[in-house]
Structures are given as structure tokens and as C-alpha cells.
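If you're matching them up, the sequences are chains A and B in order. So for the first sequence, the working numbering puts the first residue at 12; every next one is plus one. So for the second sequence, the working numbering puts the first residue at 4; every next one is plus one. Note that CB positions come from ideal geometry on N, CA and C, so glycine has one too.
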Amino acid sequence: MSIARKGKDLLRRVALTVNGTRHELELEPRELLVYVLRERLGLTGTTVGCDTSACGACTVLVGGESVKSCTMLGVQAEGFEITTIEGLATNGDLHPVQQAFHEHHALQCGFCTPGMVLAAVSLIESGGATDEEAIREGLEGNLCRCTGYHNIVEAVAAAAGVI
Amino acid sequence: MIPAPFDYEVAESAEHAIALLGEREDAKLLAGGHSLLPAMKLRLARPSVLVDIGRLAELSYVRDEGEYVAIGALTRHRDVHHDPLLQEHCPVVSFAAGTIGDPQVRHRGTIGGTLAYGDPASDLPAVMLALDAELVVRGQGGERMVPASEFFTGVFQTAIASAEMLVEVRVPKRAAAGWSYTKMTRRAQDWATVAVAAIVERTNGAVGKASIGLTNMGATPLRASAAEDALAGGATIAEAAALIPDGTDPSTDYAASADFRRHLAKVLGRRALEEAVAR
Ligand SMILES: Cc1cc2nc3c(=O)[nH]c(=O)nc-3n(C[C@H](O)[C@H](O)[C@H](O)COP(=O)(O)OP(=O)(O)OC[C@H]3O[C@@H](n4cnc5c(N)ncnc54)[C@H](O)[C@@H]3O)c2cc1C
Ligand code: FES
Ligand code: FES
Numbered sequence: 012m013s014i015a016r017k018g019k020d021l022l023r024r025v026a027l028t029v030n031g032t033r034h035e036l037e038l039e040p041r042e043l044l045v046y047v048l049r050e051r052l053g054l055t056g057t058t059v060g061c062d063t064s065a066c067g068a069c070t071v072l073v074g075g076e077s078v079k080s081c082t083m084l085g086v087q088a089e090g091f092e093i094t095t096i097e098g099l100a101t102n103g104d105l106h107p108v109q110q111a112f113h114e115h116h117a118l119q120c121g122f123c124t125p126g127m128v129l130a131a132v133s134l135i136e137s138g139g140a141t142d143e144e145a146i147r148e149g150l151e152g153n154l155c156r157c158t159g160y161h162n163i164v165e166a167v168a169a170a171a172g173v174i
Numbered sequence: 004m005i006p007a008p009f010d011y012e013v014a015e016s017a018e019h020a021i022a023l024l025g026e027r028e029d030a031k032l033l034a035g036g037h038s039l040l041p042a043m044k045l046r047l048a049r050p051s052v053l054v055d056i057g058r059l060a061e062l063s064y065v066r067d068e069g070e071y072v073a074i075g076a077l078t079r080h081r082d083v084h085h086d087p088l089l090q091e092h093c094p095v096v097s098f099a100a101g102t103i104g105d106p107q108v109r110h111r112g113t114i115g116g117t118l119a120y121g122d123p124a125s126d127l128p129a130v131m132l133a134l135d136a137e138l139v140v141r142g143q144g145g146e147r148m149v150p151a152s153e154f155f156t157g158v159f160q161t162a163i164a165s166a167e168m169l170v171e172v173r174v175p176k177r178a179a180a181g182w183s184y185t186k187m188t189r190r191a192q193d194w195a196t197v198a199v200a201a202i203v204e205r206t207n208g209a210v211g212k213a214s215i216g217l218t219n220m221g222a223t224p225l226r227a228s229a230a231e232d233a234l235a236g237g238a239t240i241a242e243a244a245a246l247i248p249d250g251t252d253p254s255t256d257y258a259a260s261a262d263f264r265r266h267l268a269k270v271l272g273r274r275a276l277e278e279a280v281a282r
């Protein structure tokens with residue numbers, strides 16, 4: 012057992028399941044999941060806000076849990092089910108959290124929205140969206156530059172059925 | 004920002020990871036990646052190979068071992084936060100894990116990663132120090148036990164040697180003790196400006212014996228020994244809290260000056276001790 016020094020040219024064959032579809036990819040280990048999604052798979056709904064793990068814009072679901080995809084390597088995602096904003100609606104019907112964002116005007120420019128929605132889905136499904144305070148805390152990893160937090164919290168509370 | 008190129012190996016067991024680590028001087032373990040990947044993006048770390056231990060499910064556990072609770076190194080902050088055994092026997096550990104970063108960070112970051120990284124601003128190191136936890140470190144020659152008091156040796160430095168791996172944390176059960184982890188942050192998801200872990204044995208409703216761990220008050224997590232001694236000698240909480248900054252060496256950065264940190268340590272320390280006696 013020895014690690015041959017492979018350097019730059021090392022490509023690793025990886026099978027990723029994104030929104031239910033399996034993709035066979037050859038990735039450089041240093042490729043971050045967010046860029047694999049955006050640039051390799053064309054799923055540009057996942058945005059890059061800060062690229063430093065601070066803003067949550069790049070949040071996707073990995074095995075059903077919210078993760079900042081700018082802070083995870085594509086190769087680390089092998090074997091997990093990944094869900095991006097493109098995978099939430101079913102047969103053209105918005106996911107209840109998407110619908111609630113629509114109804115409560117929970118987006119302004121929309122840049123933070125995919126990450127907000129996926130963080131909210133994870134929070135609700137883990138049982139953490141119990142009241143307004145829990146929702147605010149549960150979304151602390153997501154920043155909205157348009158600062159429309161009030162309506163975002165209302166939308167999530169509505170989707171969680173706690174108002 | 005994309006990290007500089009590196010080779011990538013997936014470890015199939017702890018032994019495999021240790022063998023791979025031994026092959027290259029600058030190899031690094033990759034657990035949750037929530038300290039290492041940001042550092043690699045900024046070129047603050049530039050390992051030529053990453054050994055991914057993130058899939059070692061056998062090292063993700065919380066077990067009752069009688070006198071202590073054993074936590075596998077790959078247990079994520081989320082799982083430490085929600086674990087019923089820890090909530091019952093070591094509540095300060097599960098509580099402090101729940102204050103780390105934000106939900107996304109807790110879904111990836113691991114207890115082994117946060118202790119091995121040796122960042123004095125991280126939360127669990129001071130908690131482990133206050134609890135007199137023991138850390139199990141494995142190398143090619145076998146395992147050794149390192150008390151938390153000898154584990155943290157400097158900023159980003161620990162007692163783990165280059166071809167060793169932290170495999171388990173052993174936390175003594177302290178269900179009867181009062182506890183608090185009182186943390187101040189500038190912004191919601193920030194690291195602690197200062198935080199204080201207090202574990203208190205009560206005698207007649209007052210503090211009998213206390214262990215006090217400090218986050219971000221020096222190059223390593225620290226014990227507030229002068230305050231602990233004062234409490235053991237019958238001092239009041241207010242008298243003891245005034246001694247908390249003794250022997251600390253906090254830094255000045257964007258979040259606070261060293262003087263403000265010393266001041267905060269007294270205020271948060273008093274609050275932590277008051278909360279701990281009441282809980
Ligand atoms: C936005 C953000 C906010 C955060 N906020 C906080 C906070 O408030 N409080 C806090 O405490 N932390 C915070 N963190 C850090 C977080 O807790 C990290 O998850 C943790 O410090 C590292 O754990 P990891 O599993 O991600 O380790 P990695 O990043 O994978 O590894 C960290 C280092 O430890 C080494 N290592 C990992 N596992 C082992 C092992 N088993 N044995 C030996 N060496 C090992 C690696 O080689 C590397 O050098 C934050 C991180 C982010 C991105
Ligand atoms: S782009 Fe990932 S957290 Fe901001
Ligand atoms: S809606 Fe513009 S950043 Fe949130």
C-alpha cells in the first residue's frame with residue numbers, strides 16, 4: 012500500500028446521485044461540490060455568495076441534511092443523495108416550503124433563496140422548526156443581503172405549521 | 004476559491020488511515036472538512052494528500068462505559084448535540100456542541116476534528132478541559148491516553164503526532180454536577196469572543212468545588228485555576244469571578260481587544276457560575 016504522487020492530473024471516478032439522477036463523473040479531488048453542481052451538472056440554482064462558509068447561499072441537502080456545498084469536496088459526496096433547489100418541486104408542483112416563500116413574499120432579489128429554502132426544509136424535516144425563535148436560530152447559517160428575514164421566518168413558520 | 008491540488012485517499016479503517024498518514028510527511032486527515040477546507044482554500048494549509056476518514060462509520064458513536072461516556076472521533080456535532088446519553092450524563096458537552104457555528108456546520112463537523120485542530124476559539128476544547136476528559140490517540144505502535152490537560156499545546160497544536168489519529172474521547176459522567184457553557188459571540192454564527200465552561204459540585208446550595216474552562220483566553224483552552232482555588236477556599240462567586248482572568252493571555256483581534264476579553268471573562272464567568280449552581 013503506497014500513495015503514488017499523482018499531482019494535478021489525478022482524476023477520480025465518482026458516482027453522484029443528484030435530485031434522484033445518478034451521474035458518473037471524473038473529478039479532481041479539489042473540486043468543491045458547489046462547482047461540481049454548477050459547472051459540471053449545470054445546476055446553477057445553487058448560488059455562491061461568500062465562498063468562505065459564512066453565508067449559506069450554497070446550501071444543498073446531503074442525505075437530507077443541510078450542508079454548505081462550498082465547504083465540501085465533490086468526492087466527499089459520493090454515495091450520498093444530494094438535493095438541490097432544482098430537485099424540490101414534484102411534477103411541476105412547488106415544494107410546500109417553496110410555495111410558502113411565494114405566498115409570504117419571502118424573497119427580494121432571490122440570491123439567498125435556494126439556500127434559505129433548503130436550510131428550511133432540513134430544519135423542518137429534523138423537527139427543529141418548533142416556533143419563531145427556533146426558526147430564527149435554525150436559519151442562523153443563512154444570510155439575506157436584502158435583509159428580508161421577517162417574511163422568510165413567516166414563510167418557514169407557515170410551511171412548518173407553527174403559525 | 005479552490006484549494007491547491009492534492010491527492011485523495013479514502014481510508015477504510017482507522018488502521019488504514021494511520022498507515023496512509025505515515026507515508027507522506029505532509030499528509031492530513033480529512034474528517035468533516037469544516038476547518039481544513041476553508042484553511043486550504045486560503046492556502047493556510049497545503050497538504051499534498053488528504054486521507055478521508057469521513058466515511059468511517061465505526062468511529063461515529065456515543066457509548067456508555069460505566070464511569071465515562073465514550074464518543075467516537077467521527078461523531079458529528081449534530082449527533083453529540085442530540086445524543087440522549089450525553090444529555091443525561093454530560094449535558095454540558097451536548098449543549099456546547101449545539102452552540103457550534105450553525106446547523107450546516109454541525110451537520111459536517113466532528114468532535115475529533117474540532118479537538119485535533121487545536122483552535123483556542125473552538126468550544127469543545129475548553130469543555131473537555133473543564134471535565135478532565137481523556138483523549139485516545141492511536142498510532143502505528145498502538146493507543147495512548149492523553150488527559151485533556153496535556154492535549155492542547157499551542158495555537159493549532161496538540162499532542163497528536165504526525166502519523167497519529169484521535170479515535171475516541173472519554174468524558175467522565177457528571178450528571179449530578181451543575182453546569183453552564185456561557186458564550187458571547189459578535190454575530191449569530193461566529194466563534195466565541197470568549198466563553199466559559201463551569202462544572203460545579205454543590206454543597207448546601209452554594210459552590211463547593213468548581214472546574215472552570217476558558218475558550219479564547221490564550222493560545223490554548225485554559226483552566227481558571229485561581230478562581231477554582233478561591234471557590235474551594237470558600238470565596239463567593241463574585242470574588243472568584245474577579246480572579247478568572249489571572250494567568251490568561253488573550254489576543255486582540257477584530258472581535259475584541261485583550262482587555263475587553265479579560266473583562267468579558269469575569270462577567271461571563273460570574274454568569275456561568277450562577278447558572279451552574281442553579282442548574
Ligand atoms: C462557518 C463556520 C463556523 C464555525 N463555528 C464554530 C464555532 O462557533 N465553534 C467551534 O468550536 N467551531 C466552529 N467551526 C469549526 C467546526 O466546528 C469544525 O467542524 C471543526 O473545528 C473541525 O471539525 P471537522 O470534522 O470539520 O475537521 P476537519 O476540518 O476535517 O479537520 C480539522 C483538522 O483536524 C485534523 N483531524 C480531523 N480529524 C482528526 C482525527 N480524528 N485525528 C487527528 N486529526 C484529525 C485534520 O487533519 C485537520 O488538520 C466553524 C466552522 C465553520 C465553517
Ligand atoms: S457560498 Fe457557501 S457559505 Fe457562502
Ligand atoms: S432576497 Fe436578496 S439576498 Fe435574500
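Query                                                                                                           : Result
Residues near Asp62 (chain A) by beta carbon distance below 6 Å, same chain, minus five either side             : Cys81
Close beta carbons around Gly272 (chain B), own chain, < 6 Å, minus the five adjacent residues each side        : Val199, Ala244, Ile247
Beta-carbon proximity list for Leu105 (chain A), same chain, < 8 Å, skipping 5 on both sides                    : Leu99, His113
Neighbour flag for Pro125 (chain A) against chain B, beta carbons, 8 Å                                          : no
Neighbourhood of Met4 (chain B) by C-beta, 8 Å cutoff - its chain only, sequence neighbours within 5 removed    : Lys44, Leu45
Min CB distance Glu76 (chain A) to chain B below 8 Å                                                            : yes
Per-residue burial, Ala111 (chain A) [other beta carbons within 10 Å of its own, 16 or more giving buried]      : buried
Of the residues B:His110, B:Glu26, B:Glu18, the one placed nearest Met83 (chain A), counting alpha carbons only : B:His110
Residues that DSSP places opposite Glu76 (chain A) in a beta bridge                                             : A:Val73
Anticipated Cβ contact below 8 Å, Gly157 (chain B) with Ala222 (chain B), distance rounded                      : 5 Å
Gly152 (chain A) beta carbon less than 8 Å from that of Leu134 (chain A)                                        : no
Straight-line gap, Arg226 (chain B) to Pro150 (chain B) (C-alpha atoms, nearest Å)                              : 13 Å
Supposed close pair Ile202 (chain B), Arg173 (chain B) - CB separation, criterion 8 Å                           : Ile202 (chain B) to Arg173 (chain B), Cβ: 16 Å. No contact.
Cβ shell of Val170 (chain B) (< 8 Å), same chain only, five flanking positions each side left out               : Ala17, Leu62, Gly75, Ala76, Gly115, Val139, Val140, Arg141, Glu146
Thr206 (chain B) burial status per 10 Å Cβ neighbour count (16 or more: buried)                                 : exposed
Glu15 (chain B) versus Glu167 (chain B) - alpha carbon distance                                                 : 16 Å
According to DSSP, residues forming a beta bridge with Met168 (chain B)                                         : B:Arg141
Residues surrounding ligand 4 [beta-carbon distance to nearest heavy atom under 6 Å]                            : Of the ligands this structure carries, namely ligand 1, ligand 2 and ligand 3, none is ligand 4.
Residue-level contact to chain A via CB, Gln143 (chain B), 8 Å cutoff                                           : no
Test item, CB below 5 Å from any non-hydrogen atom of ligand 3                                                  : A:Leu118, A:Gln119, A:Cys120, A:Phe122, A:Cys123, A:Cys155, A:Arg156, A:Cys157
Min CB distance Gly116 (chain B) to chain A below 8 Å                                                           : no
Check: Leu132 (chain B) C-beta below 7 Å from any heavy atom of ligand 1                                        : no
Meets three-Cβ-pair contact criterion under 8 Å: the region 62-81 of chain A and the region 116-134 of chain A  : yes
Per-residue contacts from Ile5 (chain B) into chain A (C-beta, under 8 Å)                                       : Arg41, Glu42, Leu43, Tyr46
Proximity of Gly121 (chain B) and Gly112 (chain B) at Cβ, strictly below 8 Å                                    : no
Interface flag, Gly159 (chain A) vs chain B, CB-CB below 8 Å                                                    : no
Proximal residues to Gly60 (chain A) (C-beta, below 6 Å), its chain only, five neighbours per side dropped      : Cys66, Ala68
N- and C-terminal bounds of the beta strand (DSSP E) containing Leu33 (chain B)                                 : 30-33
Contact under 8 Å by Cβ, Val10 (chain A) with Gly85 (chain A)                                                   : Only positions 12 to 174 of chain A appear in the structure, and residue 10 (chain A) is not among them; the question remains open.
Between the CA atoms of Asn219 (chain B) and Arg264 (chain B) - distance to the nearest angstrom                : 8 Å
Cα-Cα separation between Glu3 (chain B) and Met187 (chain B), rounded to whole angstroms                        : Nothing can be reported for residue 3 (chain B): it is not among the residues displayed for chain B, which extend from 4 to 282.
Simplified DSSP assignment, three categories, for Pro50 (chain B)                                               : coil
8 Å contact criterion, which Thr57 (chain A) and Thr95 (chain A) should meet: CB distance rounded               : 5 Å
DSSP-derived helix/strand/coil call for His34 (chain A)                                                         : strand
Residues in the region 23-46 of chain B having any Cβ partner in chain A nearer than 7 Å                        : Leu23, Glu26, Arg27, Gly36, His37, Leu40, Pro41
Chain B contacts made by the region 82-94 of chain A, where a contact means CB separation under 9 Å             : Thr82, Met83, Leu84, Val86, Gln87, Glu89, Gly90
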